[in-house]
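Colleague:
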Amino acid sequence: MKKQPDPQPASRPVCNKLECLGEFLEGYTKNIQAEQHCYLELFARPQGVICKKTGAFIPSPAWRAIDLKAKFSRYIVALHKTVADYDFSDLSKKALVFKENIIHDHTLHRIFDSIPRSQSILCIADPPGYRCMRWTTMKKIINCSKDWQGHRTDMLLLLPVEAALIKNITRPECRRSITRFFGSNAWETVRDEIISGQTPGYRAPNKLAQIYITNLKNMGYRYVEGLNPARPRHTSLYYIVWASDRQNRLKTIKNIWSKPRFLPGEMFHNLP
563 MKKQPDPQPA SRPVCNKLEC LGEFLEGYTK NIQAEQHCYL ELFARPQGVI CKKTGAFIPS
623 PAWRAIDLKA KFSRYIVALH KTVADYDFSD LSKKALVFKE NIIHDHTLHR IFDSIPRSQS
683 ILCIADPPGY RCMRWTTMKK IINCSKDWQG HRTDMLLLLP VEAALIKNIT RPECRRSITR
743 FFGSNAWETV RDEIISGQTP GYRAPNKLAQ IYITNLKNMG YRYVEGLNPA RPRHTSLYYI
803 VWASDRQNRL KTIKNIWSKP RFLPGEMFHN LP
């Protein structure tokens, strides 16, 4: 087993995303009975990051959830394949850690067999790229996540409709991986609009995210909302999607992601 990897340097937008996720988790646990909910994180990279600008350490969502005052009933972390071979024994003392790829049915069965149906689930999914994620896998996760009342998992999805996807969307060799990501060839309409100049690149993420939002609505979710956290006429690193059978949290998400904030150490770093 390899030694746990050191936190990697990260840009300000990535650090800001992690800070926003931490604030969201804190607010989420204040509005529910956390002890009746399970925390599930997919594509986890639990070593955290180091802010390039300030050198401050930014913890991962998994550790933020574990350190909250209001505790979830249990914590389940499915590691991303790039860190699956490393030793996370410290995390394993606090959470049930899965190192197998979640695209395999037996891995999903093990994850959901460990969650009593009496408990509701909050799922955080932050894949590092579109190639890591398949709609068929997300569909299985949603179907497996129902509690005894039939509620599906609350899901906060940070959809990777980033520059790499926009760049590769016109490449024939990337067609299969993009189709797996969206679960259909609906994305080809957006591709054709980009090629014809009808849709500029900075608007493409919104249209692509709508495909996922439609997929989630078709799964029967009561509330499905999306938010592009990027500034106007800028291409986002990700697109925020919230899906729930219980409550609308779009206003909360907008307030968190639109709030001006200093990253840890940034206020003092900017002093003369």
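First residue of the sequence shown? That's 563 in our numbering, and the numbers climb one at a time after it. We treat Cβ as the ideally placed atom computed from N, Cα and C, and that holds for glycine. None of the values given here were measured: they were computed from a predicted structure.
Measuring only the C-alpha atoms, how far is Leu630 from Glu588?
Modeller: Leu630 and Glu588: Cα-Cα distance of roughly 7 Å.
Colleague: Going by CA-CA distance only, name the one from Lys614, Leu825, Gly584 and Arg636 that's closest to Arg679.
Modeller: Among Lys614, Leu825, Gly584 and Arg636, the Cα nearest to that of Arg679 is on Arg636.
Colleague: Within 10 angstroms of the Cβ of Ser654, are there 16 or more other Cβ atoms? Answer buried if so, exposed if not.
Modeller: Exposed: under 16 other Cβ atoms inside 10 Å.
Colleague: In terms of alpha-carbon separation, which member of Pro571, Lys564, Leu658 and Arg574 lies closest to Glu603?
Modeller: The candidate whose alpha carbon is nearest that of Glu603 is Leu658.
Colleague: According to DSSP, what are the bridge partners of Val530?
Modeller: Lying outside 563 to 834, the shown extent of the chain, residue 530 is not represented and no answer is given.
Colleague: Taking the alpha carbon of Ile612 as the point to measure from, which residue in Thr644, Ile594 and Ser573 has its own alpha carbon closest?
Modeller: Out of Thr644, Ile594 and Ser573, Ser573 has the C-alpha closest to the C-alpha of Ile612.
Colleague: Taking the straight line between their C-alpha atoms, what separation do you get for Glu585 and Lys615?
Modeller: Answer to the nearest angstrom: the Cα atoms are 21 Å apart.
Colleague: Select from Phe650, Trp625, His668 and Ser682 the residue whose C-alpha is nearest the C-alpha of Lys596.
Modeller: Checking the sequence shown, residue 596 turns out to be Ala, not Lys. The candidate whose alpha carbon is nearest that of Ala596 is Ser682.
Colleague: Beta-carbon separation of Trp697 and Asn790 under 9 Å?
Modeller: It is not a contact, given that the beta carbons lie outside the stated cut-off.
Colleague: Give the straight-line distance between the Cα atoms of Phe824 and Pro623, rounded to the nearest whole angstrom.
Modeller: Looking at the two C-alpha atoms, the distance is approximately 18 Å.
Colleague: Does the stretch 791-805 touch the stretch 813-824, meaning 3 or more C-beta pairs lie closer than 8 Å?
Modeller: Judged by Cβ distances under 8 Å, the stretch 813-824 makes contact with the stretch 791-805, as three or more pairs qualify.
Colleague: For Leu670, collect the residues of the same chain with a Cβ closer than 7 Å to its Cβ; drop the 5 residues on either side in sequence, then sort them by chain order.
Modeller: Around Leu670: Ile664, Lys702, Ile703 and Cys706.
Colleague: Return the chain-ordered list of same chain residues with a C-beta closer than 6 Å to the C-beta of Phe674, the five sequence neighbours on each side being excluded.
Modeller: Cys706, listed in sequence order.
Colleague: Considering Tyr590, what are the terminal residues of the alpha helix (DSSP H) in which it resides?
Modeller: Segment Arg574 to Lys592, the alpha helix (DSSP H) holding Tyr590.
Colleague: What does DSSP give as the partner residue(s) for Met717 in the beta ladder?
Modeller: The partner list for Met717 (beta bridge, DSSP) reads Cys685 and Ala805.
Colleague: Near Pro571, what residues of its chain come up, given a Cβ to Cβ distance below 6 Å and the 5 sequence neighbours on each side ignored?
Modeller: Cβ within range, chain order: Ile612 and Lys614.
Colleague: In this structure, how does DSSP classify Lys656 when only helix, strand and coil are distinguished?
Modeller: In this structure, Lys656 counts as coil in the three-state DSSP scheme.
Colleague: Can the beta-carbon of Leu580 be found less than 9 Å from the beta-carbon of Arg626?
Modeller: The answer is yes: Cβ separation under 9 Å.
Colleague: Out of Pro621, Cys694 and Arg737, point me to the one whose CA is closest to Cys577's CA.
Modeller: The candidate whose alpha carbon is nearest that of Cys577 is Pro621.
Colleague: Can you name, in chain order, every residue of its own chain whose Cβ lies under 6 Å from the Cβ of Ser739, other than the five neighbours on each side?
Modeller: Cβ neighbours of Ser739 beyond the five flanking positions: Arg693.
Colleague: Whose C-beta lies closer than 8 Å to the C-beta of Tyr800 among residues of the same chain, with five residues either side of it excluded?
Modeller: For Tyr800, where only same-chain residues beyond five positions count, the Cβ hits under 8 Å are Lys579, Asp688, Leu720, Leu721, Pro722, Val723, Glu724 and Pro791.
Colleague: What does the Cβ neighbour count give for Pro834, buried or exposed, with the cut at 16 atoms within 10 Å?
Modeller: Only weak support exists for where Pro834 lies, its pLDDT of 43 falling under 50; the coordinates are left without a value.
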